[in-house]
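Chains as they are written, first to last, in the numbering used here: chain A, 1 to 374; chain B, 1001 to 1324.
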Amino acid sequence: MGERSSRADPPDPNDLLPPPEPVHLLDPDGTLHEDPDHPVDLDDDQLRLLYRHMVVTRRVDREAINLQRQGQLGVYASLLGQEAAQVGGAFALAEQDWVFPSYRELGAAVTRGVDTGKLLHLFRGTWLSDHDPYEHQFALYAIPIGTQALHATGFAMGARLDDNPIVTMAYFGDGATSEGDPHEAMTFAGVFKAPVVFFVQNNQWAISVPLDRQTAAPTLAHKAVGYGMPGYHCDGNDVLATYAVTRRAVERARSGEGPAFIEALTYRMEAHTTSDDPTRYRTKEEEEEAGKTDPIARYRRFLTNEGLLDDDVEEQVEAEAKAEATRMRDEIYEAPHGDPMELFEHVYVDDTGHFERQKVQLAAELAAAGEVEG
Amino acid sequence: MSTTTLAQAINRGLHDAMGADDRVLMFGEDVGALGGVFRVTDRLQEAYGSDRVYDTPLAESGILGTAIGLAMYGMRPVCEMQFDGFAYPAFEQFTSHLAKMRNRSRGRVTLPVTVRIPFGGGIGAVEHHSESPETYWAHTAGLKVVSPATVADGYAMTRAAIAADDPIVVLEPKRRYWMKDDVDLPVTTEPLHKAVVRRPGDDVTVVAYGPMVRTAMEAAAAGEDEGWSLEVIDLRSLSPIDTDTLVASVQKTGRMIVVHEAAQTLGIGSEIAARVQQEAFYHLEAPILRATGFDTPYPPAMLESFFLPDVDRILDRVEESLSY
């Protein structure tokens, strides 16, 4: 950090350009094509764990949509269809690595072991977030688009300064690549060789706006060249390809070679959020076509072909998915808001001088309301 | 005693803070080899190396956004926005994240970030280099905002801001960077968020902060010729505001003028007037008046003397107050 990148020795753009085709290892029928550049260095248990995380994610995601329909969540942003991109990416991280998510990263959260019930308090409105970021190295959901890319970069700069072998991963979407903050984040990361991986889930839609309104670039992965980092792309509905590509980027970053950019091609099969109406901007035919590349179905075929998925494993995964969804539901269902006085509690470490009168006012209002109710 | 400028005092404060805690980092545009466009970070890179004192790309949101990430990691970042008018690209990181992260996380994430911003006019600069945007930061829950007006406070408030665990915006009065005082450093002063009576008086309280404290002191000296005894309060902290000190003063004088370069409408003076009239209504002999910049964009350099509050504008308000 602090050193100037040597303009006498700028990178060769050919070393940074994405390969002509996105990396793809699993065919829709589950056939695996091995690629020596992208080895799948996973044992059978890990291969099954990938499946488990995707199934749990989809189950919790569906439960969250149900909870919204029942009025238990104010709104919810589904990741349906993006399970492989999120799980495959997060699975490539080591325990000490950090995830900086947007607001649609349930699959990454499940992979990191984050309590999904705590995570979804955001959408119920009991509090703005309720998981401890330092417990699973999973930062708070960031709603302003792309802003978390800078936090991931700063965190990685700090780790590099300490010679601490942490890699950070910023998740964002295709829409976010148009924002200023990811641009500044990638500029900083390139200049300071920060160990950060920018992981873009290109799900083709930013609410109602398709990719061709976000960019005129050949692919999003090509943008990486402008920041002096390699651009990779992969079939984001192929969990093994996503894992292998991310693994390569993460280990490259950990070894001190700097940041990388990954474009995982996927599709947002659900609406943007439960408040959205996709029938106004895309066709049923398009959705059905995209649904044919369902990441979980494809991976299930692979595991079955390999003899890694029998009825016992399926049952166990189903039981875990149901248990996690139930746990989330129990946490969220009719969860009451906390003490209104907590509004003042966390704004500052030291709030002297800020709220004294307003605290008194709210306490009086609460007391008066209590008397009326009592 | 030795003669020190405000810029030198802040520089020494940064130097000593970095010496006291190796988690303190200093970064921004041109803060390294150049030592900052105002030389406030002069020789810090020489002293602490380019890992801890570094130039960033020219990107203010990047400066603040990476400061947030660094703080989450465990560093104590001090970053510089080169000029008031160039802090705006970072506005989203200020308001959506720096200010809110601790509350959002239910207290689990603290961000001990110090943002230094040279602010205010009076230096004959081109557009965007003379603004007083303090209301934006002071209006934002989760930030604290301070402004040193004396050489001693330049040192002590810099140290206190860096030592504090909350995000703090330090507005440095750029037109006073070369102001001198006899101060031996290191020095400690009043607590960071306390207002200070710089000059006691009986007739009218004049509240100012940052660059306008000196102007208010000059007005008080000139007011003596008119037979007016002005009490000058250096607000020091714009968020939180030390209401008690203001109320105590107006209970004595019964009259108050608030002075700032920033535009009048929704300026800090509006908040002070509201608070003081609420808490000291029966002590007031006159409405609380304001000597401020106009509700116009900051003017071109050759017209700035007509925009900025000066001794005459302050004394006009004093006279008006005394006429009630």
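C-beta atoms are modelled at their ideal positions from N, C-alpha and C, and glycine is treated no differently.
Selection from the options that minimises the alpha carbon distance to residue i
{"i": "Ala-221 (chain A)", "options": "A:Asp-43, A:Val-196, A:Ile-207, A:Ile-262", "result": "A:Ile-262"}
{"i": "Arg-280 (chain A)", "options": "A:Ala-241, A:Glu-334, A:Thr-219, A:Trp-205", "result": "A:Trp-205"}
{"i": "Val-1204 (chain B)", "options": "B:Gln-1093, B:His-1283, B:Ile-1268", "result": "B:His-1283"}
{"i": "Arg-213 (chain A)", "options": "A:Val-191, A:Asp-174, A:Asp-181, A:Ala-244", "result": "A:Asp-174"}
{"i": "Glu-83 (chain A)", "options": "A:Glu-371, A:Glu-270, A:Pro-278", "result": "A:Glu-270"}
{"i": "Pro-1287 (chain B)", "options": "B:Glu-1172, B:Gly-1293, B:Asp-1295, B:Gln-1278", "result": "B:Gln-1278"}
{"i": "Ala-92 (chain A)", "options": "A:Val-245, A:Thr-219, A:Val-75", "result": "A:Val-245"}
{"i": "Ala-77 (chain A)", "options": "A:Ala-363, A:Asp-276, A:Ile-296", "result": "A:Asp-276"}
{"i": "Thr-177 (chain A)", "options": "A:Phe-155, A:Ala-224, A:Pro-195", "result": "A:Ala-224"}
{"i": "Phe-344 (chain A)", "options": "B:Tyr-1155, B:Asn-1103, B:Ile-1233, B:Ala-1047", "result": "B:Asn-1103"}
{"i": "Tyr-243 (chain A)", "options": "A:Ile-145, A:Met-54, A:Met-157, A:Gly-88", "result": "A:Gly-88"}
{"i": "His-1260 (chain B)", "options": "B:Ala-1208, B:Asp-1242, B:Tyr-1298", "result": "B:Ala-1208"}
Interface partners of residue i on chain A, CB under 8 Å
{"i": "Ile-1068 (chain B)", "result": "Leu-150, His-151, Gly-154"}
Amino acids of chain B, ordered along the chain, whose beta-carbon sits closer than 9 Å to that of residue i
{"i": "His-346 (chain A)", "result": "Arg-1102, Asn-1103, Arg-1104, Ser-1105, Arg-1106, Gly-1107, Arg-1108"}
{"i": "Ala-369 (chain A)", "result": "In chain order: nothing, as chain B lies at least about 23 Å away."}
Pairwise C-alpha distance: residue j and residue i
{"i": "Val-1126 (chain B)", "j": "Ala-1219 (chain B)", "result": "28 Å"}
{"i": "Pro-1300 (chain B)", "j": "Phe-1306 (chain B)", "result": "10 Å"}
{"i": "Thr-126 (chain A)", "j": "Tyr-103 (chain A)", "result": "16 Å"}
{"i": "Glu-334 (chain A)", "j": "Leu-1308 (chain B)", "result": "57 Å"}
{"i": "Phe-1281 (chain B)", "j": "Val-360 (chain A)", "result": "20 Å"}
{"i": "Gly-1120 (chain B)", "j": "Gly-190 (chain A)", "result": "34 Å"}
{"i": "Pro-1112 (chain B)", "j": "Ser-1323 (chain B)", "result": "47 Å"}
{"i": "Asp-132 (chain A)", "j": "Thr-116 (chain A)", "result": "12 Å"}
{"i": "Tyr-1177 (chain B)", "j": "Val-1040 (chain B)", "result": "9 Å"}
{"i": "Ile-1257 (chain B)", "j": "Ala-1291 (chain B)", "result": "7 Å"}
{"i": "Leu-1289 (chain B)", "j": "Glu-342 (chain A)", "result": "37 Å"}
{"i": "Ala-216 (chain A)", "j": "Asn-203 (chain A)", "result": "16 Å"}
{"i": "Ser-208 (chain A)", "j": "Lys-1174 (chain B)", "result": "47 Å"}
{"i": "Arg-1255 (chain B)", "j": "Leu-1171 (chain B)", "result": "27 Å"}
{"i": "Leu-16 (chain A)", "j": "Gly-231 (chain A)", "result": "6 Å"}
{"i": "Asp-9 (chain A)", "j": "Asp-310 (chain A)", "result": "54 Å"}
{"i": "Asp-238 (chain A)", "j": "Glu-251 (chain A)", "result": "20 Å"}
{"i": "Ala-1141 (chain B)", "j": "Thr-352 (chain A)", "result": "13 Å"}
{"i": "Ala-156 (chain A)", "j": "Leu-366 (chain A)", "result": "44 Å"}
{"i": "Thr-1005 (chain B)", "j": "Thr-147 (chain A)", "result": "38 Å"}
{"i": "Pro-1200 (chain B)", "j": "Trp-1228 (chain B)", "result": "12 Å"}
{"i": "Arg-300 (chain A)", "j": "Arg-59 (chain A)", "result": "15 Å"}
{"i": "Ala-1263 (chain B)", "j": "Arg-1076 (chain B)", "result": "33 Å"}
{"i": "Leu-128 (chain A)", "j": "Asn-305 (chain A)", "result": "44 Å"}
{"i": "Val-1146 (chain B)", "j": "Gly-74 (chain A)", "result": "38 Å"}
{"i": "Ile-1010 (chain B)", "j": "Arg-268 (chain A)", "result": "52 Å"}
{"i": "Met-54 (chain A)", "j": "Glu-179 (chain A)", "result": "29 Å"}
Residue i: contacting residues in chain A (beta-carbon distance under 9 Å)
{"i": "Thr-1056 (chain B)", "result": "Phe-188, Val-191, Phe-192"}
{"i": "Asp-1030 (chain B)", "result": "In chain order: nothing, as chain A lies at least about 14 Å away."}
{"i": "Gly-1065 (chain B)", "result": "Thr-147, Gln-148, Ala-149, Leu-150, His-151, Thr-153, Gly-154, Asp-181, Glu-184, Ala-185, Phe-188"}
Nearest-angstrom Cβ-Cβ length linking residue i and residue j, presumed shorter than 8 Å
{"i": "Ile-1064 (chain B)", "j": "Val-1053 (chain B)", "result": "Correcting the residue identity first, residue 1064 (chain B) is Leu in this sequence and not Ile. That belief does not hold up - the Cβ atoms of Leu-1064 (chain B) and Val-1053 (chain B) are roughly 17 Å apart, past 8 Å."}
{"i": "Leu-26 (chain A)", "j": "Leu-308 (chain A)", "result": "So it is not a contact: roughly 13 Å between Cβ atoms."}
{"i": "Thr-168 (chain A)", "j": "Trp-98 (chain A)", "result": "4 Å"}
{"i": "Tyr-171 (chain A)", "j": "Ala-108 (chain A)", "result": "6 Å"}
{"i": "Gln-1093 (chain B)", "j": "Leu-47 (chain A)", "result": "No, Gln-1093 (chain B) and Leu-47 (chain A) are not in contact; Cβ-Cβ is about 40 Å, not under 8 Å."}
{"i": "Glu-1304 (chain B)", "j": "Gly-1122 (chain B)", "result": "7 Å"}
{"i": "Thr-1189 (chain B)", "j": "Asp-1153 (chain B)", "result": "5 Å"}
{"i": "His-235 (chain A)", "j": "Val-23 (chain A)", "result": "Contrary to the premise, residue 235 (chain A) reads as Asp rather than His in this sequence. Indeed, because the Cβ distance is near 7 Å, the residues count as touching under 8 Å."}
{"i": "Ala-1164 (chain B)", "j": "Leu-1192 (chain B)", "result": "7 Å"}
{"i": "Val-1232 (chain B)", "j": "Ala-1216 (chain B)", "result": "5 Å"}
Beta-carbon neighbours of residue i, restricted to chain B and to distances below 8 Å
{"i": "Trp-205 (chain A)", "result": "Residues of chain B passing the Cβ test: none, with the nearest at roughly 23 Å."}
{"i": "Glu-105 (chain A)", "result": "Those within 8 Å of Glu-105 (chain A) in chain B number zero; the least Cβ separation is about 16 Å."}
{"i": "Leu-93 (chain A)", "result": "Per Cβ cutoff of 8 Å: no residues; Leu-93 (chain A) is ~16 Å from chain B at best."}
{"i": "Leu-140 (chain A)", "result": "Met-1101, Arg-1104, Ser-1105, Val-1109"}
Under 8 Å from the C-beta of residue i: neighbouring residues of chain E
{"i": "Asp-1165 (chain B)", "result": "Although the question refers to chain E, the structure presented lacks it and instead comprises the protein chains A and B."}
Within chain A, the residues that residue i reaches when beta carbons sit closer than 7 Å
{"i": "Ala-1280 (chain B)", "result": "The premise fails here: Ala-1280 (chain B) is roughly 14 Å from chain A at the closest Cβ pair, so nothing lies under 7 Å."}
{"i": "Gly-1036 (chain B)", "result": "Those do not exist, as Gly-1036 (chain B) stays about 16 Å from chain A at its closest Cβ, beyond 7 Å."}
{"i": "Asp-1234 (chain B)", "result": "In chain order: nothing, as chain A lies at least about 16 Å away."}
Residue i: CB within 7 Å of a non-hydrogen atom of the ligand SAM
{"i": "Glu-1060 (chain B)", "result": "Although the ligand SAM was asked about, the structure shown includes no ligands whatsoever."}
Beta-carbon neighbours of residue i, restricted to chain B and to distances below 7 Å
{"i": "Ala-77 (chain A)", "result": "Going along chain B, no residue has its Cβ under 7 Å from Ala-77 (chain A), so there is no contact; the nearest lies around 17 Å."}
{"i": "His-354 (chain A)", "result": "Pro-1240"}
{"i": "Pro-144 (chain A)", "result": "Glu-1092, Ser-1096"}
* May I ask you to list, following chain order, the residues of the segment 1090 to 1105 of chain B that have a beta carbon less than 9 Å from some beta carbon of chain A? => Within the segment 1090 to 1105 of chain B, the residues whose Cβ lies closer than 9 Å to some Cβ of chain A are Glu-1092, Gln-1093, Ser-1096, His-1097, Ala-1099, Lys-1100, Met-1101, Arg-1102, Asn-1103, Arg-1104, Ser-1105, listed in chain order.
* Asked: Along the segment 1137 to 1161 of chain B, what residues have a CB closer than 8 Å to any CB found in chain A?
  -> For the segment 1137 to 1161 of chain B, the set of residues with a beta-carbon nearer than 8 Å to any beta-carbon of chain A comprises Ala-1141, Gly-1142, Lys-1144, in chain order.
* For the segment 1185 to 1218 of chain B, enumerate the residues whose C-beta is nearer than 7 Å to any C-beta of chain A, in chain order. => Those would be His-1193, in chain order.
* Asked: Which residues, taken in chain order from the segment 156 to 172 of chain A, show a beta carbon closer than 7 Å to some beta carbon of chain B?
  -> Answer set for the segment 156 to 172 of chain A: Met-157, Gly-158, Ala-159, Leu-161.
* Near-chain B residues of the segment 119 to 132 of chain A - C-beta to any C-beta below 7 Å -> Interface annotation for the segment 119 to 132 of chain A against chain B: Trp-127, Leu-128, Ser-129, Asp-130, Asp-132, criterion Cβ-Cβ distance under 7 Å.
* Identify each residue in the segment 9 to 33 of chain A for which the Cβ-Cβ distance to at least one residue of chain B is less than 9 Å, and report them in chain order. => Within the segment 9 to 33 of chain A, no residue has a Cβ lying closer than 9 Å to any Cβ of chain B.
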